[in-house]
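Following: one structure in structure tokens, then a few remarks.
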Amino acid sequence: MICRHRSSCCASRLLITHQETEPAMKYVIGVDIGTQSSKALLVDANGRIVAQHSRSYQVDTPRPLWAEQWPQVWFDAVRACIGECVRQAQAAPGFDPAQVAAICISSLYGGSGIPVDAEMQPLHPCLIWMDRRANDEVAWIRKTLDVDRLRTLTGNGIDSYYGYTKMLWIKNQRPEIWEKTRYFLPPNSYINYLLTGELAVDHSSAGNIGGVYDIVGRNWCPETMAMLGIPLQMMPSRLLQSSDAVGGLLPQWAQEFGLPAGIPLMAGGVDAAVATLAAGAVKEGNHVAMIGTSMCWGYLNQNTDASHGLISMPHVFNGLQDNYIFGGAITAGASVSWFREQFCQAEIAEAKQQQVDPHHLLEVRAAAIAPGCDGVLFLPYLMGERSPVWDAGASGAFVGLSLYHSRAHMYRAVLEGVSFALKHNMDAGAKGALFLDERLVVVGGASHSDLWMQIIADITGYAVYTIKENVEAALGAALLAAYGAGLVSREDVKQGWVSLEQRASPDAARHRMYAARFEVYRELYPALKPIMHKLQTA
């Protein structure tokens, strides 16, 4: 008997055969542990987001200029985010948890790291990047040690921002903790240990500690550690690239998450560098500004020069050759949040009635204010300041206020002040960079603001681009997971998983006006520095 529908039958058989032989889609999970929240993404091997979840928490600030967090807060958030992503994904067509190939975690810069004992139990809260308590230790280093040698070996400077100065604070002020400390672990390294039972530190996190890492040799630095009095044994000996596997997911967590045991966890890295990777920074000259709680502007370079006041660490991709060199403001988005919470109760109440975000009302009103805020300037030094100022005693200030000025003037001045801090770092960084791309990519919460993106373009003179997908560090972690698991190639990483869109172009007239105002901004800190320090002493 001859089949009247031969072509369609054959096509059906071919389709069935194709469906039976087509490999199942693979997935990865990227997690970012932030200062105020953690976020996880579950994505497929093409970078399509299948599920995402976040959890918020707070920073502990028991004294002025102190900032610390217990690691259990991070671990609880990471568990909740991964578990919820898997639960969401199970409702997606074709998703199979058995096809999750890898997990990777990026994290905030953990400053001192978490001091743990021989049983790997935390002994003290982690003194995070924002903490500035180690001023006496900084003074001792500058007075006692060969600081030029320290800078040459580590590619980094001396400030209470750096983790090694915070370690010395624990040594001097918490000797009972120091005596029991076996390791100091960056946040992602500690969470990786809890999930896998394996101990390792990625090179970016090691380099960001500062004075204990040899930026040229890509290893711990016995010479500087001996100078500082920090035992080499307190640093885990196993250093990995960010896409290398630390170990496999332990059965107890696999069961909790609904995933197979043994899934590899990649080493991960510092969130600013991972977000920079997510934004497509993979070659020399690429530069990205991450503006969240803090601001980190950084570029890729194979050389380091601590004399320009920026921070250096191995990049999270091609990290044996490329360095991520960055500077930034401690309180960027934090300055905006502080101003809103302390001074904008009327706008918050009005926004609640209108069922809109308070920032929307503030931005509409600030957009009506002329650039330059009718003579008001803001210094965003609410927790001291990092580069290129490097002064834990610096403090915030509004200058130029009169009875004419409103909250809208002050809100816009905050946006402009943080943008001036960005330009301050870009000018310092340009001294050591061979070149910078003509476009500036901005990631983080600030990228939601059209007004802020235009202000940044007008102040810096760069066309501003943002990521359409609004995922940043967590997606960068997922990309590292996929690369480490062999799901994507080096070229795929260079192409990235995001698409950029231009958000603002600099206006020539406004750029000239802001250039003059920036010179005043730069004069403010040196003029006010003695008064700032006297007030803190008093």
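Under full-length UniProt numbering, the residue at position 429 of the sequence shown is numbered 429, and the numbers go up by one with no gaps. A virtual CB, placed ideally from N, CA and C, is assigned to each residue, including glycine.
Does DSSP put residue i in a helix, a strand or coil?
{"i": "Met-532", "result": "helix"}
{"i": "Ile-33", "result": "strand"}
{"i": "Glu-119", "result": "coil"}
{"i": "Asp-60", "result": "strand"}
{"i": "Phe-518", "result": "helix"}
{"i": "Glu-223", "result": "helix"}
{"i": "Pro-314", "result": "strand"}
{"i": "Lys-39", "result": "strand"}
{"i": "Asn-172", "result": "helix"}
{"i": "Ala-200", "result": "coil"}
{"i": "Phe-420", "result": "helix"}
{"i": "Tyr-162", "result": "coil"}
{"i": "His-124", "result": "coil"}
{"i": "Ile-459", "result": "helix"}
{"i": "Tyr-183", "result": "strand"}
{"i": "Val-282", "result": "coil"}
{"i": "residue 539", "result": "Nothing can be reported for residue 539: it is not among the residues displayed for the chain, which extend from 1 to 538."}
{"i": "Glu-84", "result": "helix"}
{"i": "Ile-114", "result": "strand"}
{"i": "Leu-240", "result": "strand"}
{"i": "Gln-252", "result": "helix"}
{"i": "Gln-454", "result": "helix"}
{"i": "residue 546", "result": "Lying before the first or after the last residue shown, residue 546 is absent from the chain, which here runs from 1 to 538."}
{"i": "Asp-131", "result": "coil"}
{"i": "Lys-431", "result": "coil"}
{"i": "Gly-496", "result": "coil"}
{"i": "Leu-194", "result": "helix"}
{"i": "Asn-156", "result": "coil"}
{"i": "Ile-230", "result": "coil"}
{"i": "Gly-479", "result": "Before going on, a small fix: residue 479 reads as Leu here, not Gly. It is helical."}
{"i": "Val-147", "result": "helix"}
{"i": "Glu-491", "result": "helix"}
Which residue or residues does DSSP assign as beta-bridge partners of residue i?
{"i": "Met-266", "result": "Cys-104 and Ala-245"}
{"i": "Ile-141", "result": "Looking at the DSSP assignment, Ile-141 forms no beta bridge with any residue, so it has no partner."}
{"i": "Asn-188", "result": "Partner(s): none; Asn-188 has no beta bridge."}
{"i": "Asp-391", "result": "Glu-385"}
{"i": "Met-290", "result": "Cys-296 and Val-443"}
{"i": "Thr-466", "result": "Val-442 and Glu-501"}
{"i": "Asp-214", "result": "Asn-219"}
{"i": "Glu-523", "result": "Answer by DSSP bridge pairing: none, since Glu-523 is not bridged."}
{"i": "Val-28", "result": "Val-43 and Ala-102"}
{"i": "Ala-397", "result": "Leu-379"}
Is residue i near residue j, with beta carbons less than 8 angstroms apart?
{"i": "Ala-473", "j": "Ala-267", "result": "no"}
{"i": "Gly-484", "j": "Ala-80", "result": "no"}
{"i": "Asp-214", "j": "Leu-153", "result": "yes"}
{"i": "Trp-169", "j": "Ala-139", "result": "no"}
{"i": "Leu-249", "j": "Leu-259", "result": "yes"}
{"i": "residue 539", "j": "Ile-29", "result": "Residue 539 lies beyond the stretch modelled for the chain, which goes from 1 to 538, so this question has no answer here."}
{"i": "Ser-243", "j": "Leu-480", "result": "yes"}
{"i": "Pro-187", "j": "Ile-311", "result": "no"}
{"i": "Gln-72", "j": "Gln-58", "result": "no"}
{"i": "Ala-272", "j": "Phe-326", "result": "yes"}
{"i": "Pro-461", "j": "Tyr-299", "result": "Sequence inspection shows Gly at residue 461; the Pro mentioned does not correspond to that position. No; because the gap between Cβ atoms is not below 8 angstroms, this pair is not in contact."}
{"i": "Pro-125", "j": "Glu-198", "result": "no"}
{"i": "Ser-406", "j": "Met-532", "result": "no"}
{"i": "Ile-456", "j": "Leu-487", "result": "no"}
{"i": "Gly-163", "j": "Ile-230", "result": "no"}
{"i": "His-308", "j": "Gly-432", "result": "yes"}
{"i": "Leu-145", "j": "Met-227", "result": "yes"}
{"i": "Gln-536", "j": "Gly-393", "result": "yes"}
{"i": "Leu-194", "j": "Leu-265", "result": "no"}
{"i": "Trp-297", "j": "Ala-306", "result": "no"}
{"i": "Ala-482", "j": "Ala-45", "result": "yes"}
{"i": "Asp-458", "j": "Pro-530", "result": "no"}
{"i": "Cys-373", "j": "Arg-412", "result": "yes"}
State the CB to CB distance for the pair residue i and residue j, rounded to an integer number of angstroms; the pair is presumed to be in contact (CB under 8 angstroms).
{"i": "Lys-180", "j": "Asp-131", "result": "Wrong, their Cβ atoms sit about 21 angstroms apart, outside the cutoff."}
{"i": "Ile-291", "j": "Gly-333", "result": "6 angstroms"}
{"i": "Gly-285", "j": "Phe-398", "result": "With a Cβ gap of about 36 angstroms, Gly-285 and Phe-398 do not count as contacting."}
{"i": "Ile-82", "j": "Ala-477", "result": "Not a contact, Cβ separation roughly 12 angstroms."}
{"i": "Trp-452", "j": "Leu-382", "result": "With a Cβ gap of about 18 angstroms, Trp-452 and Leu-382 do not count as contacting."}
{"i": "Gly-113", "j": "Trp-129", "result": "Rounded, the Cβ-Cβ distance is 11 angstroms, inconsistent with contact."}
{"i": "Arg-503", "j": "Asp-427", "result": "Their Cβ separation, rounded to whole angstroms, is 22 angstroms, which puts Arg-503 and Asp-427 out of contact at 8 angstroms."}
{"i": "Leu-108", "j": "Asp-117", "result": "The pair is not a contact, with the Cβ atoms about 23 angstroms apart (cut-off 8 angstroms)."}
{"i": "Met-313", "j": "Val-246", "result": "Their Cβ separation, rounded to whole angstroms, is 18 angstroms, which puts Met-313 and Val-246 out of contact at 8 angstroms."}
{"i": "Ala-89", "j": "Ala-51", "result": "4 angstroms"}
{"i": "Phe-317", "j": "Val-364", "result": "Actually they are not in contact, since the Cβ atoms of Phe-317 and Val-364 sit about 40 angstroms apart, beyond 8 angstroms."}
* To do: Would you mind listing the beta strand (DSSP E) stretches within the stretch 297 to 376 that are 3+ residues and don't spill past its ends, in chain order?
  => Whole beta strand (DSSP E) segments, 3+ residues: 311 to 314 and 323 to 327.
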